[in-house]
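Q: Before I ask anything, here is the structure I am working with.
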Amino acid sequence: MVGQWSAMFRNDCPGEGRVDQQTELLKTALYDLHVELGAKMVPFAGYDMPVQYPLGVKGEHLHTRAKAGLFDVSHMGQVRLTGENREAELEKLVPGDIAILKPGRTRYSAFTQDDGTILDDLMITNAGDSLFLVINAACKDDDIVHMRANLGDGVSLEEIDDRALLALQGPDAAKVLARFAPAVADLKFMSFAEIEIAGSPCFVTRSGYTGEDGYEISVPNADAEALARKFLAEEEVEAIGLGARDSLRLEAGLCLYGNDIDTTTTPVEGDLNWIINKRRREEGGFKGADVILDQLENGADRKRVGIKPEGKAPAREHTQILNTDGEEIGEITSGGFGPTVDGPIAMGYVAIEFSKPGTKVNLMVRGKARPAEVVELPFAPHRYFRG
Amino acid sequence: MTKKFSQEHEWIELEDGVATVGITDYAQQSLGDIVYVELPEVGKKLTKDGDAAVVESVKAASDVYAPLDGEIVEINEELDANPGLVNEAPEAEGWFFKMTLSDESQLDELMDEAAYKEFVEGL
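Heads up: the sequence lines are chains X and B, in that order. My numbering applies: residue 1197 is where the first sequence begins, and numbers increase by one. My numbering applies: residue -2 is where the second sequence begins, and numbers increase by one.
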């Protein structure tokens, strides 16, 4: 009767077969620490990862929103692009404006395909002499093949596999990190700096995937465990697993690749129009631009929306969404319980005419139609530090 | 009055012809924070190993099976307002439902406390 974690995080990538065939799970630099802390370890995107610690998913979630949580996200891919034309070349693969990205600034974007759908979502940072990318764990092999095949000869791609990635998130994250590196206090949301933390050369971005203020810290593998221990020794900080990472990002209305966006959804359908700025809309020149620009102009048939079930029963991914006449209008792509909201929350795709907040819908949970409403995202307000 | 246990981590306790059913401490620990329990309606007929209830944690929904054949006579209404009772007192206030048994001798097919303890240790 005990639920399966693997079923909960699909996190599919087109080439995930490779992960399934892998016999030995990979370990991050913090593996021994997770085990020592009593984490429940589960396979995720080919890695043996902590899904929760003894505090539990709900406690970890609430702690992150109240104080600060430390996440091991080292399974994600870190890539560096160098070469003179790196911005222009990367712009062929993503719809974001990379040319305008100043040194020290970070942007959320997506790799699109010729049919306009999404191969992965990613963070792109202008690190001055290079572009620093963070890509999803389950997609990283495919992303790298995709980039190597499509980026021009002038661009070199370096896979950074000697660094761990830690996320320190929550209202106390800035205060805690400043104890080790005062310079981080001045970083604004979606900014980047190379900063020494406790003697270790780190790449720090003020970003994350919880909706809270916080940082993602790329640290050499050799220093990762010591740095994590230093953070955890601070009274505000608890270790947080993938379970709470998922409920936090869902409350923040952020997409999980493989669930909410994938190779069947476009950025417009995924309500990610904001990642495509005016210049890119005018000029195009990225994979799938004809489809995506047409949808921007004329609208898409469906859209990703927030869904709030009226009762207490959570509606999980793949739950059918019906209109009030009982006709199917879409499907839930992420759904569960939001500890901060203290109730069930979900995201899903609905036919465009039902995407307006306030629209009443029904969710088919265990054969019973249950009332719900289309709502604005996020469920929990973003609290980013914009300076 | 003895408590019996199923391999699906339900406990059942018979008293004056009515059996109280819930999930074990091991089950609630495995599930984590329980946020919703969907209970059957009073009068529902249950078949051993058939679906009886659903328990939802933050992370997932899990089925709770009927440990024996019988009929629901009462459900724990408290769980609607306070599903966390299942975590706090799984084998007491966090009970799920009460049922009459079609065949009390089926109880013999379930494990006693010592056998269940051994079963769980072997997992």
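Backbone N, C-alpha and C define an ideal beta-carbon position, used for all residues, glycine too. Bear in mind the structure is a predicted one, so any value in this text is a computation, not a measurement.
Could you spell out where the beta strand (DSSP E) holding R1500 (chain X) opens and where it closes?
A: Here residue 1500 (chain X) corresponds to residue number 304 of the first sequence, with the count starting at 1. Looking at the DSSP string, the run of the beta strand (DSSP E) that includes R1500 (chain X) is 1498 to 1505.
Q: Go ahead and pull the three-state DSSP assignment for S102 (chain B).
A: Working through the second sequence from its first residue, we reach residue 102 (chain B) at position 105. It is helical.
Q: What does the alpha-carbon distance come out to for the pair Q1309 (chain X) and L1315 (chain X)?
A: Reading the first sequence from its first residue, position 113 is the one you call residue 1309 (chain X). Reading the first sequence from its first residue, position 119 is the one you call residue 1315 (chain X). When rounded, the distance between both Cα atoms is 6 Å.
Q: How far does the beta strand (DSSP E) with N1558 (chain X) in it reach, from first residue to last?
A: As a first step, residue 1558 (chain X) is located in the first sequence; it is residue number 362 there, counting from the start. 1556 to 1561 is the extent of the beta strand (DSSP E) around N1558 (chain X).
Q: Does chain X have any CB closer than 9 Å to the CB of G29 (chain B)?
A: Counted from its first residue, the second sequence places residue 29 (chain B) at position 32. Cβ-Cβ to chain X under 9 Å: yes for G29 (chain B).
Q: Inspect the beta-carbon positions of R1500 (chain X) and I1457 (chain X) and report whether they are closer than 9 Å.
A: The residue you call residue 1500 (chain X) lines up with position 304 of the first sequence. The residue you call residue 1457 (chain X) lines up with position 261 of the first sequence. With contacts defined as CB atoms closer than 9 Å, R1500 (chain X) and I1457 (chain X) qualify as a contacting pair.
Q: Tell me whether M1343 (chain X) sits in a helix, a strand or coil according to DSSP, three-state version.
A: The residue you call residue 1343 (chain X) lines up with position 147 of the first sequence. Of the three classes helix, strand and coil, the one that applies to M1343 (chain X) here is helix, per DSSP.
Q: Would you say H1257 (chain X) reaches chain B, if we count a Cβ-Cβ gap shorter than 9 Å as a contact?
A: If you number the first sequence from 1, residue 1257 (chain X) lands on position 61. Chain B, which has a Cβ nearer than 9 Å to the Cβ of H1257 (chain X), makes this yes.
Q: Using a 10 Å radius around the Cβ and a threshold of 16 neighbouring Cβ atoms, would you call N1494 (chain X) buried or exposed?
A: Position 298 of the first sequence holds residue 1494 (chain X). So N1494 (chain X) counts as exposed.
Q: Could you check whether the stretch 55 to 70 of chain B touches the stretch 5 to 12 of chain B, counting it as contact only if at least three pairs of C-beta atoms, one from each stretch, sit closer than 8 Å?
A: yes
Q: Cβ closer than 7 Å: which chain X residues qualify as neighbours of V117 (chain B)?
A: Indexing the second sequence from 1 puts residue 117 (chain B) at position 120. Within 7 Å Cβ-Cβ: nothing; V117 (chain B) doesn't reach chain X, min ~12 Å.
Q: Buried or exposed for T1462 (chain X), please, with buried defined as at least 16 other CB atoms from any protein chain shown within 10 angstroms of its CB.
A: The residue given as residue 1462 (chain X) occupies position 266 in the first sequence. Looking at its Cβ environment, which holds 16 or more other Cβ atoms inside 10 Å, T1462 (chain X) is buried.
Q: Considering only C-alpha positions, which residue in the set X:D1368, X:P1535, X:H1514, X:F1533 is nearest to I1525 (chain X)?
A: Your numbering for residue 1525 (chain X) matches position 329 in the first sequence. Ranking the options by Cα distance to I1525 (chain X), first place goes to X:H1514.
Q: In or out: W1470 (chain X) buried (at least 16 other Cβ within 10 Å) or exposed?
A: Locating residue 1470 (chain X) in the first sequence gives position 274, where the first residue counts as 1. It is exposed - the Cβ of W1470 (chain X) has fewer than 16 other Cβ atoms within 10 Å.
Q: How far does the alpha helix (DSSP H) with Q1491 (chain X) in it reach, from first residue to last?
A: Translated into positions along the first sequence, residue 1491 (chain X) becomes position 295. Segment 1485 to 1494, the alpha helix (DSSP H) holding Q1491 (chain X).
Q: In angstroms, rounded to a whole number, what distance separates the CA positions of D1442 (chain X) and G1252 (chain X)?
A: If you number the first sequence from 1, residue 1442 (chain X) lands on position 246. If you number the first sequence from 1, residue 1252 (chain X) lands on position 56. About 13 Å.
Q: Among X:P1367, X:A1360, X:T1460, which residue has its Cα nearest to the Cα of G1407 (chain X)?
A: As a working mapping, residue 1407 (chain X) is identified with position 211 in the first sequence. Comparing Cα positions, the closest option is X:P1367.
Q: Would you mind telling me which residues of chain B sit closer than 7 Å to V1253 (chain X), beta carbon to beta carbon, in chain order?
A: Here residue 1253 (chain X) refers to the residue found at position 57 of the first sequence. Neighbours of V1253 (chain X) on chain B, chain order: G29, D30, V55, K56.
Q: Going by DSSP in three states, I1356 (chain X) sits in which element: helix, strand or coil?
A: In the first sequence, residue 1356 (chain X) corresponds to position 160, counting from 1. DSSP places I1356 (chain X) in coil when its eight states are reduced to three.
Q: How would you list, in chain order, the residues of chain B whose beta-carbon sits under 8 Å from the beta-carbon of P1510 (chain X)?
A: The residue labelled residue 1510 (chain X) in the question sits at position 314 within the first sequence. Within 8 Å of the CB of P1510 (chain X), the CB atoms of chain B belong to V32, Y33, E53, A58, in sequence order along the chain.
Q: Any idea what DSSP makes of A112 (chain B), helix, strand or coil?
A: As a position in the second sequence, residue 112 (chain B) is number 115, starting the count at 1. Helix at A112 (chain B).
Q: With burial defined as no fewer than 16 other Cβ atoms inside 10 Å of the residue's Cβ, what is the status of T1224 (chain X): buried or exposed?
A: Looking up residue 1224 (chain X) in the first sequence gives position 28. Buried.
Q: What is the rounded straight-line gap between the Cα of P1291 (chain X) and the Cα of L1297 (chain X)?
A: For this step, residue 1291 (chain X) is matched to residue 95 along the first sequence. For this step, residue 1297 (chain X) is matched to residue 101 along the first sequence. Using only the alpha carbons, I get a separation of about 13 Å.
Q: Let me see if you follow: with CB-CB separation under 9 Å, is S1443 (chain X) close to chain B or not?
A: What you label residue 1443 (chain X) is simply residue 247 of the first sequence in a count that begins at 1. Output row for S1443 (chain X): interface = yes.
Q: Evaluate the contact criterion for the stretch 1240 to 1259 of chain X versus the stretch 1331 to 1342 of chain X: three or more CB pairs, one atom per stretch, below 8 Å.
A: yes
Q: For G40 (chain B), does the three-state DSSP call read helix, strand or coil?
A: Sequence index remark: in the second sequence, residue 40 (chain B) carries index 43 (1-based). G40 (chain B): coil per DSSP, three-state reduction.
Q: Y1421 (chain X) and L1289 (chain X): beta carbons closer than 9 Å?
A: Here the question's residue 1421 (chain X) lines up with position 225 in the first sequence. Here the question's residue 1289 (chain X) lines up with position 93 in the first sequence. Reading off the sequence, residue 1421 (chain X) comes out as Glu, not Tyr. Contact flag unset, no.
Q: Name the DSSP beta bridge partners of C1398 (chain X), please?
A: If you number the first sequence from 1, residue 1398 (chain X) lands on position 202. In the DSSP output, where bridge partners are listed per residue, C1398 (chain X) has X:I1391.
Q: Identify which residue in X:P1299, X:G1265, X:A1381, X:I1488 has its Cα closest to the Cα of D1497 (chain X).
A: Translated into positions along the first sequence, residue 1497 (chain X) becomes position 301. Nearest option by C-alpha distance: X:I1488.
Q: Taking the beta carbon of D1339 (chain X) as the centre, do at least 16 other beta carbons fall within 10 Å, making it buried, or is it exposed?
A: In the first sequence, counting from the first residue as 1, residue 1339 (chain X) sits at position 143. It counts as buried.
Q: Report the CB separation of A1369 (chain X) from D1409 (chain X) in whole angstroms; it is logged as a contact under 8 Å.
A: By one-based count along the first sequence, residue 1369 (chain X) stands at place 173. By one-based count along the first sequence, residue 1409 (chain X) stands at place 213. Confirmed, Cβ separation roughly 6 Å.
Q: Short check: CB of A1424 (chain X) to CB of L1373 (chain X), under 9 Å?
A: What you label residue 1424 (chain X) is simply residue 228 of the first sequence in a count that begins at 1. What you label residue 1373 (chain X) is simply residue 177 of the first sequence in a count that begins at 1. In this structure, L1373 (chain X) does not lie closer than 9 Å to A1424 (chain X) by Cβ.
Q: Using a Cβ-Cβ cut-off of less than 8 Å, list which residues of the stretch 1225 to 1241 of chain X approach chain B; keep chain order.
A: Taken residue by residue, none of the stretch 1225 to 1241 of chain X has a beta-carbon sitting less than 8 Å from a beta-carbon on chain B.
Q: Let's test the definition: count the other Cβ atoms within 10 Å of the Cβ of P1246 (chain X) and tell me whether it reaches 16, buried, or not, exposed.
A: Numbered from its first residue, the first sequence carries residue 1246 (chain X) at position 50. With 16 or more other Cβ atoms within 10 Å, it is buried.
Q: Quick check: what's the CA-CA separation for F1328 (chain X) versus P87 (chain B)?
A: As a first step, residue 1328 (chain X) is located in the first sequence; it is residue number 132 there, counting from the start. As a first step, residue 87 (chain B) is located in the second sequence; it is residue number 90 there, counting from the start. So the alpha carbons of these two residues sit roughly 49 Å apart.
Q: Report the residue ranges of all beta strand (DSSP E) runs contained in full by the stretch 1498 to 1552 of chain X; include only those spanning at least 3 residues, in chain order.
A: 1498 to 1505, 1516 to 1518, 1524 to 1534, 1539 to 1547
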